[in-house]
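Only one structure is covered here, and it is reproduced in the block below.
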Amino acid sequence: MEIIIEKLNRICGEAFARAGYEASAGRVNVSNRPDLCEYQCNGAMALAKKEHKKPIDIAAAVAGILKEDPAFSKAEACMPGFINLDLSPAFIAEYMESMLLSETAGLIRTAAPKKIIVDYGGANVAKPLHVGHLRSAVIGEALKRIAAALGNEVLGDVHLGDWGLQMGLIIEELKDRNQTEFTLSDLEEIYPAASAKSKETGADGELTEAAKSFRARALHATACLQSGDPECLAVWKRIMELSKADLKKNYDDLNVHFELWKGESDVQKYIPDMLQDFIDRGIAYESQGALVVDVQEDTDKKELPPCIVRKSDGSSLYATTDLATLVEREMLYHPDAYVYVADQRQSLHYLSFFRVARKAGIVRPEETLDFLGFGTMNGKDGKPFKTRSGGVMRLEILIRDICDAVYEKIRATRDESEISDEEAAEIAKTVGLAALKYGDLSNQASKDYIFDIDRFTSFEGNTGPYILYTIVRIGSILKRCGYDEAAVPEVSAATLQTAIETMPSLKELAEVLSRYNEVVPAAWDQLAPHKICQFIYELSNAFNTFYHEVKIVSEEDAEKKAGCLNMLVLTRRVLTDCIHMLGFEAPDKM
RNA sequence: GCACUAGUAGCUCAAUUGGAUAGAGCGUUCGGCUACGGACCGAAAGGUUGGGAGUUCGAGCCUUCUCUGGUGCACCA
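For what it's worth, the working numbering labels the leading residue of the first sequence as 186, then goes sequentially.
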């Protein structure tokens, strides 16, 4: 398999070379004027100045050569110097055949597989997941699956926040209540209560004395825990047990699965040696009582504050545990690359701690450290998404709401003889999750976006349900024609060619399909799952146009019908593989 | 104050990384049902890409100035 655009680049480059120009000018793009041609090459215009020739003359010479190539049914020069290209049916049919015969539907596995750790999720123990955790989970999971589909070895790590102040708050709150035993639902009530208690402010807007003293006690309890106090540790273990199980269930509901359930507590043991090493090598020094590392570089436009790796009270913080986590990962997994998925607001922290990691040589110079910062999920008013009462919405509630909305739609439109209430509820869970994830992933990760439940759950337009509907529709046609999962029609380039030659909308579908193996690596290189969303949306549109134009089931020409069915199988395969990469599934019917 | 980020159709989003006439969906208007699933398809209207200047054959994209939002600027994570 070769990516189609690279194949075309090669052919075009050779044509430029034969005409006496540099082959690098033969770069081909998908046309942005589909009314004129399918592909275009703009190399002649870039060459004109250097060659002291008119671009149209160069283009004409090259087009003359390309006209003879069996890959094209059209190759013509257009003013001021474009080369317009149409693929020949034989060429595209052959490409479809190779995709159909490929185990990966044409997706090309990377020649140099990497070991990649994706750090996402960002859950904190003892705090329920809320909407702020959605994007990290959804985007991180998608990136992980995309990288894996390309043949990389990928480990997802939830990197739990399990060693911070929230633990001290709960420990002290339990003491105040004289309580030693507690359940998950107790915990769900205890933490918010304790948190509120520590933040209580008086009329002047300052923390009250009670809040201050409670906070001080919590800080002390946190310190006790971190220094291994058995009593605190016992409570901590119990909290971990309950909370982890709950988090796992919540992430399962999101179809998000982590290979590693590591947390801050796992890497505490590396911190003393790591910091001592920093000091010994002169990387870290004391400043205002804290231990810091300079991260300023000459090319920086502004002053960067040094990275604090130990607070003046001797305790560790965010950057410390992140660095220690790298120490452990290097030791246990030797990865080639890291991707961190977290809120855009943390970009400074990541920049800073990446630099410390490099400066201290925790990672090898050739290892990559990437940070994908995502934007805020806003409500329809453009402000951060809140519940009606203005609070933070729990993720479970959000998922429930979206599934309920889908459920009502399915009940309203279903054929009751085919879909029971129970089935409708099952389908609504699948479709609701797709609506939620697609709604998020179809936006560029780094930008803020507006969460609109009505739009996301719509079955029309660029939505998850529309994509699923297309998959279900293809399944329905194949079933009607007698093909189930196992029985795939025999593949033949000649048959496909006949079908493509006689049905223009099928050729368009084929050309969208041919871009599959180009889009997925691009989505990975740019950490841009929305490119896959855009692709499957275009693919669904191309299919539905074709569907509407050609009555497949009643097609009488056996060869044409076989070609169509092959294309249906391939379309479904590509759509299914793509949504799997995005982290959701299609139901059998909906 | 300094820095980062965004600004594209009434609304929600794209734009193959510098290429031809800036594309989709929703909404609006019009057209298509004896359903291979109409949860669909086709068509129309809708734009000075926040604004100014520059770079070149060519700019939504690059440079610079400017306006408006959002965010971040050492001991929270």
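A virtual CB, placed ideally from N, CA and C, is assigned to each residue, including glycine.
Residue i - partner residues in DSSP beta bridges
i: residue 769; result: Note: residue 769 sits in no beta bridge, so no partner.
i: residue 527; result: 558
i: residue 315; result: 579
i: residue 259; result: 271
i: residue 470; result: 477
i: residue 522; result: 301, 553
i: residue 563; result: 569, 635
i: residue 340; result: 302
i: residue 511; result: BP columns for residue 511 are empty, so no partner.
i: residue 309; result: 346
i: residue 448; result: 345
8 Å Cβ cutoff met for residue i and residue j
i: residue 327; j: residue 624; result: no
i: residue 613; j: residue 592; result: yes
i: residue 477; j: residue 470; result: yes
i: residue 570; j: residue 554; result: no
i: residue 290; j: residue 710; result: no
i: residue 547; j: residue 512; result: yes
i: residue 664; j: residue 521; result: no
i: residue 484; j: residue 495; result: no
i: residue 652; j: residue 721; result: yes
i: residue 654; j: residue 750; result: no
i: residue 403; j: residue 354; result: yes
i: residue 523; j: residue 535; result: no
i: residue 308; j: residue 339; result: no
i: residue 240; j: residue 229; result: yes
i: residue 778; j: residue 448; result: This structure cannot speak to residue 778, because the chain is shown only from 186 to 775.
i: residue 705; j: residue 334; result: yes
i: residue 313; j: residue 374; result: no
i: residue 656; j: residue 760; result: yes
i: residue 277; j: residue 675; result: no
Distance between residue j and residue i (C-alpha atoms, nearest Å)
i: residue 729; j: residue 756; result: 11 Å
i: residue 501; j: residue 581; result: 32 Å
i: residue 515; j: residue 250; result: 54 Å
i: residue 371; j: residue 419; result: 17 Å
i: residue 491; j: residue 658; result: 57 Å
i: residue 445; j: residue 305; result: 11 Å
i: residue 636; j: residue 265; result: 45 Å
i: residue 337; j: residue 296; result: 10 Å
i: residue 200; j: residue 247; result: 6 Å
i: residue 532; j: residue 572; result: 27 Å
i: residue 640; j: residue 648; result: 8 Å
i: residue 274; j: residue 315; result: 51 Å
i: residue 632; j: residue 430; result: 32 Å
i: residue 699; j: residue 552; result: 32 Å
i: residue 452; j: residue 460; result: 13 Å
i: residue 724; j: residue 731; result: 11 Å
i: residue 288; j: residue 280; result: 14 Å
i: residue 356; j: residue 466; result: 38 Å
Reduced DSSP category for residue i - H, G, I as helix; E, B as strand; rest coil
i: residue 222; result: coil
i: residue 386; result: strand
i: residue 269; result: strand
i: residue 206; result: coil
i: residue 493; result: strand
i: residue 539; result: helix
i: residue 550; result: coil
i: residue 465; result: helix
i: residue 676; result: coil
i: residue 392; result: strand
i: residue 441; result: coil
i: residue 712; result: coil
i: residue 702; result: helix
7 Å Cβ shell around residue i - same chain, five flanking residues per side excluded
i: residue 438; result: 584
i: residue 565; result: 635, 637
i: residue 232; result: 206, 210, 243
i: residue 610; result: 592
i: residue 455; result: 509, 512, 513
Same chain, Cβ closer than 6 Å to residue i, neighbours up to 5 away in sequence not counted
i: residue 702; result: 188, 291, 292, 293
i: residue 424; result: 311
i: residue 323; result: 622, 625
i: residue 618; result: 769
i: residue 450; result: 347, 348
Spatial neighbours of residue i in its chain, beta-carbon cut-off 8 Å, leaving aside the 5 residues before and after
i: residue 442; result: 326, 341, 436
i: residue 227; result: 212, 214, 266, 267, 268
i: residue 378; result: 358
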